Amino acid sequence: MKTAVRYYSKLGNTEKIAQAIAEGAGIEARSIVEEPALPEKVDVLFLGGAPYANIMAPELKSYAERLTTELVGKVILFTTSNWSRRTVLALKKLLKEKNIPVEEEYFYAHMLNISGRTEAAKEFGRKMV
Ligand SMILES: Cc1cc2nc3c(=O)[nH]c(=O)nc-3n(C[C@H](O)[C@H](O)[C@H](O)COP(=O)(O)O)c2cc1C
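Structure (structure tokens):
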């Protein structure tokens with residue numbers, strides 16, 4: 003099974019969670035800024051980002067908008083924030099409208115507890131693949 007972890011992170015919190023999920027899944031996480039498109043089809047895509055003034059980064063929105071059922075079998079979401087889960091809800095809606103299956107379970111870490119959630123993120127990556 004082919005798996006990928008992609009994220010958008012301005013301040014580094016989501017990046018740390020992405021790296022932990024990727025470690026659990028036995029792969030490497032990549033920023034969507036470094037790699038703006040998946041080079042090949044994946045069965046499972048872990049995709050994460052955070053809200054900034056209540057909305058996800060435009061880069062992440064446009065990345066999700068460019069995904070297709072030919073490129074990805076299923077998406078598993080993760081997010082970090084101060085309080086909001088909005089990024090997950092918005093991505094879920096956007097992807098479902100494109101008929102891309104989205105796992106109901108997602109991973110959340112509060113921005114002040116990133117290191118406290120690292121082990122759980124690794125476990126999440128392990129158990130979801
Ligand atoms: C400019 C700015 C706006 C933010 N707006 C929100 C927000 O509306 N809701 C929220 O829960 N967190 C908000 N946050 C907190 C970030 O979502 C949180 O720090 C997140 O972990 C950042 O992820 P990153 O480190 O991967 O960029 C904001 C942070 C910044 C810097």
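If you read the sequence shown in my numbering, its first letter stands for residue 3, the second for the next number, and so on. Even for Gly, the Cβ is constructed at its ideal location relative to N, Cα and C. Keep in mind it's a predicted model, so treat the numbers as computed, not measured.
With distances taken Cα to Cα, identify the nearest neighbour of Glu16 among Val46, Tyr108 and Gly51. Residue mapping note: residue 16 aligns to position 14 of the sequence shown, counting from 1. In the sequence under discussion, the amino acid at residue 16 is Thr, which differs from the Glu named in the question. Per the Cα distances, Gly51.
Return yes when at least one heavy atom of ligand 1 lies under 7 Å from the C-beta of Ser86, else no. Here residue 86 refers to the residue found at position 84 when the sequence shown is read from its first residue. Under cutoff, so the answer is yes.
Of the residues Glu107, Lys12 and Gly26, the one placed nearest Ser33, counting alpha carbons only: Locating residue 33 in the sequence shown gives position 31, counting from the first residue. Ser33 has its Cα closest to that of Lys12, out of Glu107, Lys12 and Gly26.
Could you tell me whether the stretch 84-91 touches the stretch 63-74, where touching means 3 or more Cβ pairs closer than 8 Å? no
For Asn115, tell me which candidate among Lys18, Gly26 and Arg8 has the shortest Cα-Cα distance. The sequence position of residue 115 within the sequence shown is 113, counting from 1. Closest by alpha carbon: Lys18.
Ligand 1 heavy atom lying under 7 Å from the CB of Met113: Working through the sequence shown from its first residue, we reach residue 113 at position 111. At least one heavy atom of ligand 1 is nearer than 7 Å to the Cβ of Met113, so yes.
Status (buried if at least 16 other CB within 10 Å, exposed otherwise) for Ser117: Taking the sequence shown and counting its residues from 1, the one referred to as residue 117 is at position 115. Exposed, by the Cβ-count rule.
Exposed or buried, what is Arg128 when buried is set at 16 or more other beta-carbons lying within 10 Å of its beta-carbon? Taking the first residue of the sequence shown as position 1, residue 128 is located at position 126. An exposed status is given to Arg128, since fewer than 16 other beta-carbon atoms sit within 10 Å of its beta-carbon.
Given a threshold of 16 other Cβ atoms within 10 Å of its Cβ, counted over all protein chains shown, does Tyr54 qualify as buried or as exposed? Here the question's residue 54 lines up with position 52 in the sequence shown. So Tyr54 counts as exposed.
Quick one: complete beta strand (DSSP E) runs, 3+ long, within the stretch 26-74? 31-33 and 44-51
State buried or exposed for Lys95, treating a residue as buried only when at least 16 other CB atoms are found within 10 Å of its CB. Numbered from its first residue, the sequence shown carries residue 95 at position 93. Label assigned to Lys95: exposed.
Limits of the unbroken beta strand (DSSP E) element including Val7: The residue given as residue 7 occupies position 5 in the sequence shown. From DSSP, the beta strand (DSSP E) with Val7 extends over Thr5 to Tyr9.
Between which two residues does the beta strand (DSSP E) holding Tyr108 run? On the sequence shown, residue 108 is found 106 positions in, with the first residue counted as 1. Looking at the DSSP string, Tyr108 is not in any beta strand (DSSP E), and its letter there is neither H nor E.
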